[in-house]
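First comes the structure, then the notes that go with it.
Number of protein chains: 2
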Amino acid sequence: MDKKQLKTTQISTIGEFGLINQIASKFSLKNPSSLLGIGDDAAVIDIGNGKVQLVSTDILAEHIHFDLSFMPLMHLGYKAIAVNVSDIAAMNALAQQVTVSIALSSRFTVEAVDELYEGIKLACEDYKVDLVGGDTTSSASGLVISVSVLGIANKDQLSYRNGAQVGDIICVTGDLGAAYLGLKVLQREKEVFMGNPEMQPELTGFEYAIRRQLKPSARMDIIHDLAESKVIPTSMIDISDGLASELLHICKQSQVGAIITEENIPIDTDVYNSFVEFNMQPITAAINGGEDYELLFTLNAKDYEKISKHPDVAGIGLIKPKDDGVFLLSKQGNKYPIQAQGWNHFS
Amino acid sequence: MDKKQLKTTQISTIGEFGLINQIASKFSLKNPSSLLGIGDDAAVIDIGNGKVQLVSTDILAEHIHFDLSFMPLMHLGYKAIAVNVSDIAAMNALAQQVTVSIALSSRFTVEAVDELYEGIKLACEDYKVDLVGGDTTSSASGLVISVSVLGIANKDQLSYRNGAQVGDIICVTGDLGAAYLGLKVLQREKEVFMGNPEMQPELTGFEYAIRRQLKPSARMDIIHDLAESKVIPTSMIDISDGLASELLHICKQSQVGAIITEENIPIDTDVYNSFVEFNMQPITAAINGGEDYELLFTLNAKDYEKISKHPDVAGIGLIKPKDDGVFLLSKQGNKYPIQAQGWNHFS
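Residue numbers (the working numbering), protein chains in the order written: chain P, 1 to 347; chain H, 1 to 347.
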């Protein structure tokens, strides 16, 4: 009898990162052009003359990543492109091409697919990327969207997750937590609607949070601004799973510790107040809520000076030696260890 | 009221190709590096110095593309890579990297995922490609695998679908129809098993056909042989949907006609006999059955001479002027128009 068939381990016991680590451990890179494989925001492929091709891919599944009862298909299409472009931005590079594959059940009409691709087109225009390929098929149930994105960069301009140095300034773009608040509001209104379909959704006052959830932006503007300031982050990652989780990735891969200060974490005032109203701790929601698609990066002090006045970049902490651990310094002056809550799609 | 919501068109009414054409018509290429988008086996991206990056992507959905009741996960993993590598081969180029994304329901265990990736690894080794990235997520139901593949080539070595010239020799590699026979045998045995689970499957005599269905090969060997013979096909495509459908793609995109001769279409003898036993016309099954992943290409007469003795390449016909149409010449000397049956995943 085959021993392998005797053992059955639920994926939830090792989680998404455990699964990825297990897969990655089986594979090694053999082609000389494969410079970097699994483990950063994008893979890096040498194309000669000091240039590299970046490639990243994301898969979005209905009921797991999106709920079509409150996510219009056009927004979903836009978001699918934006989150992939964001992965290339997180390498300090510009995306140029995408491929989009969809598997969809028979409940989707031609008009529904049109709407999805309208959103994809809008994002392609916003981020100056070309749709160059894809695949379409039916599925037994639901909608799955798989996007791959390509970008070209100079090899020496890339920012990896593993380059943070002790003493570097930790920076974050935009503000955090709004996309998570948007999700909570949409889920709440859906529940109200399910209980009483006569009720109109109450979304007034949450426009910003909902927009952040439904139509996130990839921060390509920051990549341009960094290039103009001639600044190359020593490390970078995009915030898809929450600041806490992403900072831990950088610290682990760079073999450093970090301290971030609560008072410097950028949270929109209305978003902050809404978290309080919802009986949620704003700082906890802001650093653990995912899907902001802002950039988290580290700069050496000299480079930080060059962009410290950027209205959309906040210095939030310092890279420390590894043994110092990874902490949040609260407004009251208490130190809390940062733990990854993140998103576990298998929990 | 939104007019768009009033119209609902089933995707089956326009089919997979209709859907792809509708999507493609919305998008144009804007980045100078995007040389070719949707419409060939792979997209072509200029990376300078006369070199191009090729990218292609395929999505495989459970119950649509594969049936895990007779498709072992290891074979599925192998096949997912092979069919993508085949798309790069069909451009006359070599694949170098792949990304693999999976969405899977909670019925899949860690051991099942391991088995899938064992097959992926085996294919990566066989085709000398590196797994450089991917994504994993849960799904509401079933398994979806999305693979993207990258390859580098010299720009002037590529074979497109639109380059066939009147007078070119039409060639095909290997033999045709076996993968389709393998599918039919597996489906038959599954039905027998469903009717009476005590029955043992009768697969003896069908080993070749079943292997062709479960573990197809991408013909990278042919790409090497063509390069060694210094031959560049004037057009090329891989046979995923059946010879008839693929030949029509080449003819349509090259704006030519064609005639292929029944007696030259390569069919394995055992496969031929099995089709007869199954009351199926062998030639019809061979040119319409999909998933052989052989290469269909055209050569000018001088180049054809250089490889006419290749044991695994058959000259099967001639490219004709467009107005001549696309025909099969039967052994009895009758001409039959070739029509695309192919695979319509939305029918």
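Virtual Cβ for every residue (Gly too), placed ideally from N, Cα, C.
> Within this structure, are the beta carbons of Ser254 of chain H and Ala112 of chain H separated by less than 7 Å?
Replying inline: Cβ atoms of Ser254 of chain H and Ala112 of chain H: not closer than 7 Å.
>> Applying the 10 Å Cβ sphere with the 16-neighbour rule, what's the burial state of Arg107 of chain P?
In response: A residue is called buried when at least 16 other Cβ atoms come within 10 angstroms of its Cβ; Arg107 of chain P does not meet this threshold and is exposed.
>> Within 10 Å of its beta-carbon, does Tyr336 of chain P have 16 or more other beta-carbons around it, so buried, or fewer, so exposed?
In response: Around the beta carbon of Tyr336 of chain P, fewer than 16 other beta carbons sit within 10 angstroms, so the residue counts as exposed.
>> Strictly under 7 Å for the Cβ-Cβ distance: is Gly119 of chain P near chain H by that measure?
In response: Gly119 of chain P does not count as touching chain H.
> Closest to Ala258 of chain H by CA distance: which of H:Asp87, H:Ile59, H:Asp168 is it?
Replying inline: Selected option, being the one with the closest Cα: H:Asp168.
> Looking only at its own chain, which residues have a Cβ that is under 6 Å from the Cβ of Asp313 of chain P, when we skip the five neighbours before and after it?
Replying inline: Residue identity check: residue 313 of chain P is Val in the sequence provided, not Asp. Once the five neighbours on either side are set aside, the close Cβ partners of Val313 of chain P are Cys171, Thr173, Ile307.
> Mapping DSSP to helix, strand and coil, what is Lys335 of chain P?
Replying inline: Strand.
> Along the stretch 51-69 of chain H, what residues have a CB closer than 9 Å to any CB found in chain P?
Replying inline: Of all residues in the stretch 51-69 of chain H, Lys51, Gln53, Val55, Ser56, Thr57, Asp58, Ile59, Leu60, Ala61, Glu62, His63, Ile64, His65 have a Cβ within less than 9 Å of some Cβ in chain P.
>> Quick check on the burial criterion: 16 or more other C-beta atoms within 10 angstroms. Buried or exposed for Thr9 of chain H?
In response: Classification for Thr9 of chain H: exposed.
> Can you tell me the Cα-Cα spacing of Leu116 of chain P and Ala82 of chain P, whole angstroms?
Replying inline: Here the alpha carbons of Ala82 of chain P and Leu116 of chain P stand approximately 13 Å from one another.
> In chain order, which continuous runs of the beta strand (DSSP E) of length 3 or greater are located wholly inside the stretch 59-119 of chain P?
Replying inline: 94-104, all fully within the stretch 59-119 of chain P.
> Taking the C-alpha atoms as reference points, what is the distance between Leu122 of chain H and Val98 of chain P?
Replying inline: Between Leu122 of chain H and Val98 of chain P, the C-alpha separation is close to 27 Å.
> Who are the near neighbours of Ile338 of chain H in its chain, counting only those whose CB is closer than 7 Å to its CB and skipping five residues on each side?
Replying inline: Here Ile338 of chain H has Ala244, Leu247, Leu248, Val326, Phe327, Leu328 as same chain residues with Cβ atoms under 7 Å from its own Cβ, once five neighbours each way along the sequence are excluded.
>> Closer than 8 Å between beta carbons: that is the criterion. Which residues of the stretch 152-171 of chain H meet it against chain P?
In response: The residues in question are Ile152.
> Which residues bound the beta strand (DSSP E) around Met236 of chain P?
Replying inline: DSSP places Met236 of chain P in the uninterrupted beta strand (DSSP E) bounded by 235-238.
> Is Glu27 of chain H close to chain P, meaning its C-beta is less than 7 Å from at least one C-beta of that chain?
Replying inline: Contrary to the premise, residue 27 of chain H reads as Phe rather than Glu in this sequence. At least one C-beta of chain P is nearer than 7 Å to the C-beta of Phe27 of chain H.
>> Distance check for Lys215 of chain P and Ile239 of chain H, CA to CA, integer angstroms please.
In response: Spanning the two alpha carbons is a distance of roughly 40 Å.
> Thinking C-beta only, is Ile319 of chain H closer than 7 Å to Val412 of chain H?
Replying inline: In this structure chain H extends from 1 to 347, so residue 412 of chain H is not present and cannot be described.
>> According to DSSP, simplified to helix, strand and coil, what is Val129 of chain H?
In response: For Val129 of chain H, the secondary structure class from DSSP, reduced to helix, strand or coil, is coil.
>> With distance defined between alpha-carbon atoms, name the residue in H:Val256, H:Ala218, H:Gly242 nearest to Ser235 of chain H.
In response: Of the candidates H:Val256, H:Ala218, H:Gly242, the residue whose Cα lies closest to the Cα of Ser235 of chain H is H:Val256.
>> Short of 7 Å in beta carbon distance, which residues of its chain neighbour Ser34 of chain H, apart from the five on each side in sequence? Order them along the chain.
In response: Sequence-distant Cβ neighbours of Ser34 of chain H in its own chain, meaning closer than 7 Å and more than five residues away, are Ile45.
>> Suppose you measure from the CA of Gly50 of chain H to the CA of Arg219 of chain P; what does that come to, to the nearest Å?
In response: Straight-line Cα distance between these residues: approximately 32 Å.
>> Once the 5 residues before and after Lys331 of chain H are set aside, which same chain residues still bring their CB inside 7 Å of it?
In response: Excluding sequence neighbours, Lys331 of chain H sits near Glu262, Glu263.
>> What does the alpha-carbon distance come out to for the pair Asp268 of chain P and Ala179 of chain P?
In response: The alpha-carbon atoms of Asp268 of chain P and Ala179 of chain P are separated by roughly 11 Å.
>> Beta carbons nearer than 8 Å to chain H: which residues of the stretch 67-97 of chain P have them?
In response: Across the stretch 67-97 of chain P, CB contacts with chain H closer than 8 Å involve Gln96, Gln97, in sequence order along the chain.
>> To the nearest angstrom, how far is the alpha carbon of Lys302 of chain P from that of Gly315 of chain P?
In response: Looking at the two C-alpha atoms, the distance is approximately 13 Å.
> Near Asn334 of chain H, what residues of its chain come up, given a Cβ to Cβ distance below 8 Å and the 5 sequence neighbours on each side ignored?
Replying inline: Result list for Asn334 of chain H: empty, nothing under 8 Å.
> Does DSSP put Ala218 of chain H in a helix, in a strand, or in coil?
Replying inline: Here Ala218 of chain H carries a coil assignment [DSSP, helix/strand/coil].
> Within this structure, are the beta carbons of Gly133 of chain P and Ala43 of chain H separated by less than 7 Å?
Replying inline: Using a Cβ distance threshold of 7 Å, Gly133 of chain P and Ala43 of chain H count as a contacting pair.
>> Taking 7 Å as the threshold (C-beta atoms), are Asp175 of chain H and Pro266 of chain H in contact?
In response: Yes. Within cutoff.
> Quick one: what does DSSP say Gly142 of chain H is sitting in, helix, strand or coil?
Replying inline: In this structure, Gly142 of chain H counts as coil in the three-state DSSP scheme.
>> Under 7 Å, Cβ to Cβ, is there at least one residue of chain P near Ile47 of chain H?
In response: Output row for Ile47 of chain H: interface = yes.
> Under 7 Å, do Asp58 of chain P and Arg161 of chain P count as touching if we go by C-beta distance?
Replying inline: No, the pair does not count as a contact, with Cβ atoms beyond the cut-off.
> Which stretch, first to last residue, makes up the alpha helix (DSSP H) that contains Lys190 of chain P?
Replying inline: Here the alpha helix (DSSP H) through Lys190 of chain P covers 178-195.
> Hey, would you say Glu130 of chain H sits closer than 7 Å to Lys252 of chain P, going by beta carbons?
Replying inline: In the sequence as presented, Glu is not what sits at residue 130 of chain H; that position holds Asp. No, the Cβ-Cβ distance between Asp130 of chain H and Lys252 of chain P is not below 7 Å.
> If you run the structure through DSSP and keep just helix, strand and coil, what is Gln157 of chain H?
Replying inline: The DSSP-derived three-state label of Gln157 of chain H is helix.
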